[in-house]
Amino acid sequence: MAGFFVGFVVGGAVVGLAVIVIAPSRRVRRETGIDDEIETRILLGVDPEPRSAPVVDIAHPRDYDRDEIKALEELGKAPKKRKAR
Numbered sequence: 043m044a045g046f047f048v049g050f051v052v053g054g055a056v057v058g059l060a061v062i063v064i065a066p067s068r069r070v071r072r073e074t075g076i077d078d079e080i081e082t083r084i085l086l087g088v089d090p091e092p093r094s095a096p097v098v099d100i101a102h103p104r105d106y107d108r109d110e111i112k113a114l115e116e117l118g119k120a121p122k123k124r125k126a127r
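Structure below.
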């Protein structure tokens, strides 16, 4: 009885592995390839889409006055409304 159970588990594992390997291959073959230049950049670890605009440093946050701090604290204590899905 134990041999049958082990055979059943091994057989299921082999079938599962075959499904994992074979099933996606059709979808992968249908996909269009990416541009050679982009593929090379990805393989070399370079950003494939270089930024056209320079990166701007984020300024330090400003100091808040007491009224603004009080308003922020009230927002933090307000009950959060959840959207129904």
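Adding 42 to a residue's 1-based position in the sequence shown gives its number in our numbering. Where is the CB? At the ideal position from N, CA and C, for every residue including glycine.
DSSP places Arg104 in no alpha helix (DSSP H); its state is neither H nor E.
When secondary structure is reduced to three states using DSSP, Ala113 falls in the helix class. Per DSSP, the continuous alpha helix (DSSP H) segment holding Gly54 begins and ends at 44 to 72. Per DSSP, reduced to three states, the secondary structure at Glu91 is coil, with no helix or strand assignment.
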